[in-house]
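Student:
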Amino acid sequence: MDEYTIGVDVGGTKIAYGLFDSGSHLIDRYQEPSDASLSGEAFLDGIASSCRHLLDRHRVTEEQLRGIGIGVPSYVLYDEGMLVKTVSLPNLRNLRARDYLAGKFGHGVRILLDNDTNTAALAEYRHGAGRGSRHMLYCAVSTGIGNGLIIDGHLFRGAHGFAGEGGHMIITPGEGVKCGCGNVGCFMSYCSGLLIVKHIQNHIAAGEPTMMTDLAGGADNITCLTLAQAFDQGDAMATWAIDQMARYLAVWFYNLYVLLDIDCYVLGGGMLNLGDRLFPRVRELFDQYNDIELPVHFKQAELKNDFGIIGAADLLCQ
Ligand SMILES: [Zn+2]
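When we follow the working numbering, the leftmost residue of the sequence shown carries the number 285, and every step to the right adds one.
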């Protein structure tokens with residue numbers, strides 16, 4: 285009998301669904317906006333009915349469905365299938381999502397939920413830049429920074445399921461800008477897209493010159509795209525900001541390297557758009573710290589838009 289799997293990628297603005305056949309081929313996808321105003325239960329009701337819609341479209345019965353894997357941008361208690369907290373969807377909080385969704389399907393349907401950076405790491409490890417490695421650290425640098433840790437071929441979740449929040453490692457206690465987690469001086473506060481812009485705005489407020497204000501049409505409109513444009517035109521503040529990102533990223537990678545001896549680092553997320561402005565410098569600084577000449581690979585994530593649904597479906601293959 286053919287067996288199917290559904291992968292669901294929940295985001296703050298949209299939810300993507302993929303239906304996969306027994307050979308892990310993506311045979312159909314579906315997308316809808318996510319509605320942050322819904323209660324947690326109503327949000328899950330929507331996911332259940334969209335999954336059913338996808339099954340009906342291909343006349344797949346529940347008996348043929350192996351399971352549903354769901355990646356969420358949340359702190360997830362993996363063993364309990366519980367969403368503890370979700371910054372971009374605040375109503376997904378203290379929610380026993382797995383049990384609730386299981387009640388919407390038959391007994392044979394497995395439902396697994398995990399943090400979306402973990403599912404992205406699984407996807408890159410199995411089908412992307414991490415293929416063939418034994419240990420891998422996935423690092424998504426976008427508005428925030430999240431990680432997924434593969435050790436000996438398995439996703440490492442820690443005691444509760446919260447492993448991989450290395451963006452919140454505090455590196456300058458009490459100094460710098462306040463992170464969304466409430467602490468000041470998190471690693472990501474120097475390197476994430478959202479918070480590097482805050483650093484820039486603080487410098488502008490202190491009266492320092494930059495072309496970024498004019499380029500963006502006001503300090504409030506500055507984005508990472510503005511940063512890249514200003515860097516290319518030799519703007520001193522943009523050069524400083526990207527250099528700061530490179531320095532903190534290199535220190536962070538080196539600290540993880542000496543702790544774990546992971547030899548494959550896969551970088552994903554929107555900040556990849558900074559490309560050669562940032563990453564060769566990270567590598568150069570990393571190599572300055574590291575005087576042992578053994579291979580350590582830094583790679584760009586390979587999977588394009590479907591990595592979220594692919595990794596979510598992969599939860600069923602563990
Ligand atoms: Zn933080």
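Glycine included, every Cβ here is placed at the ideal spot set by N, Cα and C. Note that the structure is predicted; figures quoted are calculated from it, not measured.
For the alpha helix (DSSP H) that K482 lies in, which residues bound it at each end?
Tutor: 477-489
Student: Using beta-carbon positions only, say whether G355 and D383 come within less than 9 Å of one another.
Tutor: no
Student: Counting only runs that start and end within the stretch 565-592, where is the beta strand (DSSP E) found for 3 or more residues in a row?
Tutor: Fully enclosed beta strand (DSSP E) runs of no fewer than 3 residues occupy 581-584 of the stretch 565-592, in order along the chain.
Student: Could you work out which residue in Y362, Y288, L376 is closest to S321 when comparing CA atoms only?
Tutor: L376
Student: For the alpha helix (DSSP H) that contains F537, what are its first and last residues?
Tutor: 520-544
Student: Considering only residues of the same chain and omitting the five flanking positions on each side of G390, which have a CB-CB separation below 6 Å?
Tutor: E346
Student: Between L421 and I546, which are expected to be in contact by the criterion C-beta below 8 Å, what is the C-beta distance as a whole number of angstroms?
Tutor: 5 Å
Student: In or out: P457 buried (at least 16 other Cβ within 10 Å) or exposed?
Tutor: That one is exposed.
Student: Sorry if obvious, but does the Cβ on S473 come closer than 8 Å to a heavy atom of ligand 1?
Tutor: Flag set: Cβ of S473 near ligand 1.
Student: Could you name the residues of the same chain whose beta carbon sits closer than 7 Å to that of P579, not counting the 5 residues immediately before and after it, in chain order?
Tutor: Hits under 7 Å: D547.
Student: When you compare the stretch 407-418 with the stretch 361-378, are there three or more beta-carbon pairs, one atom per stretch, that lie closer than 8 Å?
Tutor: no
Student: For the beta strand (DSSP E) that R350 lies in, which residues bound it at each end?
Tutor: That run of the beta strand (DSSP E) goes 349-356.
Student: Is the stretch 435-447 close to the stretch 358-370, with three or more CB pairs under 8 Å?
Tutor: yes
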